[in-house]
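One line per chain: the protein sequences are A and B, in this order.
Residues 2 to 119 (the numbering used here) are what the first sequence spells out, left to right.
Residues 166 to 277 (the numbering used here) are what the second sequence spells out, left to right.
Before any comments, here is the structure.
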Amino acid sequence: GAVVSQHPSRVICKSGTSVKIECRSLDFQATTMFWYRQFPKKSLMLMATSNEGSKATYEQGVEKDKFLINHASLTLSTLTVTSAHPEDSSFYICSASIAGDSAKNIQYFGAGTRLSVL
Amino acid sequence: DQQVKQNSPSLSVQEGRISILNCDYTNSMFDYFLWYKKYPAEGPTFLISISSIKDKNEDGRFTVFLNKSAKHLSLHIVPSQPGDSAVYFCAASKGYGQNFVFGPGTRLSVLP
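Dropping the structure here:
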C-alpha cells in the first residue's frame with residue numbers, strides 16, 4: 002500500500018515552454034502533498050507543501066509564480082514549471098502523507114521527474 | 166548552510182558485516198529524525214524513525230542511535246545484505262507534523 006505515482010519520469014523541453022508534473026496517490030487519500038527539488042549531489046530541498054483544496058505554502062526563495070502547484074483532489078497534485086529555463090533543470094520529486102498520519106512525518110515518495118530544459 | 170549532513174557520500178561493506186551510516190545536524194530545535202532508503206529509479210521509502218526522547222530505536226536488522234548532545238545519529242544495519250545496497254537519507258524535523266530537512270544521502274554498497 003501507500004503508492005505514489007509521479008509522471009512523467011523524464012521530460013526534455015525547450016526554454017520558454019511550460020511543463021506539468023503529476024503526482025498521484027494510488028491507494029490512499031493524501032491530505033498533504035510535498036514537492037521537492039534535488040540538485041546533483043545535494044539534499045532534497047522542500048519547495049512547497051500543498052493541502053487539498055487550499056493554496057500551496059511555498060518555502061522561502063521558491064517563486065510561486067514560477068512553480069505553480071495545484072492540489073485539486075485528495076489523490077492528485079500537480080507542479081507546473083512555467084516558462085522553463087535551463088536553470089530549472091533539476092530532479093523534482095513529490096511525496097504525500099496519509100490523512101491522520103502526517104504527525105508521524107512519514108511521507109510516501111514518487112519516483113521523481115528529471116527535467117532538462119534546453 | 167546545510168542543517169543535516171551526511172559526510173560520507175558512499176560506504177562499502179561486506180555481506181554479513183555491520184553497516185553504520187552517520188548523520189549530523191546543526192539545528193538544536195530538531196527533535197524527530199527519520200531514515201529513508203532509496204533504490205535507483207524509485208522514490209525514497211521510510212525505514213525507521215526516532216524522537217528525541219529516545220536514544221535508540223530498533224526494528225529488525227535496523228537500529229537508529231541518537232546522541233542529542235553531539236547532534237549526531239547513526240543507522241546500524243546488521244547483518245548487512247546485498248539487498249540493502251541503496252542510498253540512505255537522514256531527515257530531521259522540529260517535531261511531529263513539521264516539515265523535515267533531508268541530508269544529501271549516503272550510498273551503501275553491500276558486497277557479496
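Glycine is no exception: its CB is placed at the ideal position from the N, C-alpha and C atoms.
Shorter than 7 Å, the distance from the beta carbon of residue i to the closest heavy atom of the ligand PLP, or not?
| i | result |
| --- | --- |
| residue 259 of chain B | Within the structure as shown, the ligand PLP is missing, as the structure has no ligands at all. |
Who are the neighbours of residue i on chain A, taking C-beta pairs under 9 Å?
| i | result |
| --- | --- |
| residue 267 of chain B | 37, 39, 44, 45, 46 and 47 |
Can you tell me which of the three DSSP states residue i falls into?
| i | result |
| --- | --- |
| residue 88 of chain A | helix |
| residue 196 of chain B | coil |
| residue 66 of chain A | coil |
| residue 249 of chain B | helix |
| residue 119 of chain A | coil |
| residue 236 of chain B | coil |
| residue 61 of chain A | coil |
| residue 218 of chain B | coil |
| residue 264 of chain B | coil |
| residue 167 of chain B | coil |
| residue 94 of chain A | strand |
Which chain B residues are close to residue i, counting only those with a beta carbon under 7 Å from its beta carbon?
| i | result |
| --- | --- |
| residue 50 of chain A | 264 |
| residue 62 of chain A | Ordered by position in chain B, no residue passes the 7 Å Cβ test against residue 62 of chain A, which lies about 13 Å from the chain. |
Can you name the start and end residues of the beta strand (DSSP E) that residue i belongs to?
| i | result |
| --- | --- |
| residue 221 of chain B | 221-224 |
| residue 11 of chain A | 11-14 |
| residue 180 of chain B | Note, residue 180 of chain B: premise wrong, no beta strand (DSSP E); not H, not E. |
| residue 19 of chain A | First-last for residue 19 of chain A: undefined, no H or E at that position. |
| residue 32 of chain A | 31-39 |
| residue 228 of chain B | 227-232 |
| residue 189 of chain B | 184-190 |
For residue i, go through chain B and note every residue whose CB falls closer than 9 Å to its CB, in chain order.
| i | result |
| --- | --- |
| residue 5 of chain A | 208 |
Using a C-beta to C-beta distance shorter than 8 Å, which residues of chain B count as neighbours of residue i?
| i | result |
| --- | --- |
| residue 112 of chain A | 206, 207 and 208 |
| residue 107 of chain A | 199, 211 and 214 |
Would you list, in chain order, the members of the segment 204-228 of chain B that have their beta-carbon closer than 8 Å to a beta-carbon of chain A?
Residues are counted here when their Cβ sits less than 8 Å from a Cβ of chain A; for the segment 204-228 of chain B these are 206, 207, 208, 209, 210, 211 and 214, given in chain order.
The segment 167-178 of chain B in contact with the segment 7-25 of chain A per 3-pair CB rule at 8 Å
Three or more Cβ pairs closer than 8 Å define a contact, and the segment 167-178 of chain B falls short of that threshold against the segment 7-25 of chain A.
Below 8 Å between beta carbons is the criterion; list the residues of the segment 167-180 of chain B that meet it against any residue of chain A, in chain order.
Within the segment 167-180 of chain B, the qualifying residues are 167, 169 and 174.
Quick check: the segment 87-94 of chain A against the segment 32-50 of chain A, are at least 3 beta-carbon pairs closer than 8 Å?
These segments touch.
Which residues, in order along the segment 8-21 of chain A, keep a beta-carbon less than 7 Å from a beta-carbon of chain B?
Under the 7 Å Cβ criterion, the segment 8-21 of chain A contributes no residue.
For the structure I just gave you, are there three or more beta carbon pairs, one from the segment 208-220 of chain B and one from the segment 229-245 of chain B, closer than 8 Å?
Yes, since at least three Cβ pairs between the segment 208-220 of chain B and the segment 229-245 of chain B fall closer than 8 Å, the two stretches touch.
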